[in-house]
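K.L.:
In our numbering, the protein residues as written are 19 to 210.
#1: Rounded to a whole number of angstroms, what is the C-alpha to C-alpha distance between residue 24 and residue 34?
#2: From the DSSP output, in three-state form, read off residue 19 for me.
#3: Using a Cβ-Cβ cutoff of less than 8 Å, which residues in the same chain neighbour residue 138 once the five nearest sequence positions on both sides are dropped?
#4: By a C-beta neighbour count over all protein chains shown, 10 Å radius and 16 as the cutoff for buried, is residue 146 buried or exposed?
#5: Quick one: Cα of residue 135 to Cα of residue 189, how far?
#6: How many Å lie between residue 167 and residue 99 at the Cα?
#7: Quick check on the DSSP output: the alpha helix (DSSP H) that includes residue 174 runs from which residue to which?
#8: May I ask which residues mark the beginning and end of the alpha helix (DSSP H) holding residue 25?
#9: Determine the DSSP secondary structure at residue 208, reduced to helix, strand or coil.
#10: Under the three-state reduction of DSSP, which class applies to residue 103: helix, strand or coil?
#11: Between the alpha carbons of residue 67 and residue 61, how many angstroms are there, rounded?
#12: Buried or exposed: which applies to residue 172, given that a residue is buried once 16 or more other Cβ atoms fall within 10 Å of its Cβ?
#13: Give the straight-line distance between the Cα atoms of residue 160 and residue 120, rounded to the nearest whole angstrom.
#14: Which whole-angstrom value is the C-beta distance of residue 123 and residue 153, which I expect to be below 8 Å?
#15: Over what stretch of residues does the alpha helix (DSSP H) that includes residue 144 continue unbroken?
#16: For residue 201 and residue 155, what's the separation of their Cα atoms in angstroms?
#17: Under a three-way DSSP split, which group does residue 189 fall into?
Here it is, written out as structure tokens:
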């Protein structure tokens, strides 16, 4: 007895034979289908192997391309760094040149005073005019703007020194110094 059902040996045996015969029919059908589909299955397996090989080849190519891209990226970064350094170098050269000019303009003030004290008025006027012209180019710098103000003051100082020198000729006349003072007045357009 199984689960309250009474089983007889003949019934079980007949059921077994019936299932066995069905199994043989199904097995034959499966074998027939396998035999029919075998070439297609083998073809699909070959196609899958071909696809797998193609994928392996593609992965290798991608790795090569990535390495090449990494190399190109590295070279590009290096080139950009070189360009940036070159730009900085040019900018620093320009800055250095500008600073040298500003330094020269600053030193001009002392040179002017020396020329005025030595009575070399034409040179003082020429230096003052050249300094004003050069300072005008760099007037956007505060220190040069201040220097331009001082140069205007130097022009006034030169004129005062010229007046004093001219007044000194009433006491002692020196032809060479007079020629120098006259040339200075001519440069300042103060001759009538």
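No residue lacks a Cβ here, since even glycine has one placed at the ideal position from N, Cα and C.
P.N.:
On the basis of the supplied data:
#1: Here residue 24 is taken as the residue at index 6 of the chain shown, counted from 1. Here residue 34 is taken as the residue at index 16 of the chain shown, counted from 1. Near 17 Å, if we compare the C-alpha coordinates of residue 34 and residue 24.
#2: If you number the chain shown from 1, residue 19 lands on position 1. Unreliable positioning characterises residue 19 in this predicted model, as indicated by a pLDDT of 49, which lies under 50. A coordinate reading is not provided.
#3: Indexing the chain shown from 1 puts residue 138 at position 120. In its chain, beyond the 5 residues on either side, 198 have a beta carbon closer than 8 Å to the beta carbon of residue 138.
#4: Here the question's residue 146 lines up with position 128 in the chain shown. Here residue 146 is buried, its C-beta having at least 16 other C-beta atoms within 10 Å.
#5: As a first step, residue 135 must be located in the chain shown, where it is residue number 117. As a first step, residue 189 must be located in the chain shown, where it is residue number 171. Roughly 19 Å between the two C-alpha positions.
#6: Along the chain shown, read from residue 1 onward, the residue named residue 167 stands at position 149. Along the chain shown, read from residue 1 onward, the residue named residue 99 stands at position 81. Approximately 43 Å between the Cα atoms of the pair.
#7: Reading the chain shown from its first residue, position 156 is the one you call residue 174. Unbroken alpha helix (DSSP H) run through residue 174: 160-186.
#8: One-based indexing of the chain shown puts residue 25 at position 7. Looking at the DSSP string, residue 25 is not in any alpha helix (DSSP H), and its letter there is neither H nor E.
#9: To locate residue 208, count along the chain shown from 1; it is residue 190. Coil, per DSSP.
#10: Here residue 103 is taken as the residue at index 85 of the chain shown, counted from 1. Correct three-state label for residue 103: helix.
#11: Sequence index remark: in the chain shown, residue 67 carries index 49 (1-based). Sequence index remark: in the chain shown, residue 61 carries index 43 (1-based). Residue 61 has its alpha-carbon roughly 10 Å from the corresponding atom of residue 67.
#12: Along the chain shown, one-based indexing puts residue 172 at 154. Residue 172 comes out buried.
#13: Here residue 160 refers to the residue found at position 142 of the chain shown. Here residue 120 refers to the residue found at position 102 of the chain shown. Residue 160 and residue 120: Cα-Cα distance of roughly 11 Å.
#14: Here the question's residue 123 lines up with position 105 in the chain shown. Here the question's residue 153 lines up with position 135 in the chain shown. Contact between residue 123 and residue 153 is confirmed by a C-beta separation of about 6 Å, below the 8 Å threshold.
#15: Here residue 144 corresponds to residue number 126 of the chain shown, with the count starting at 1. That run of the alpha helix (DSSP H) goes 139-155.
#16: Locating residue 201 in the chain shown gives position 183, where the first residue counts as 1. Locating residue 155 in the chain shown gives position 137, where the first residue counts as 1. Rounded to whole angstroms, residue 201 to residue 155 spans 27 Å at the Cα level.
#17: Position 171 of the chain shown, counted from the first residue, corresponds to residue 189. In the structure shown, residue 189 adopts coil according to DSSP, grouped into three states.
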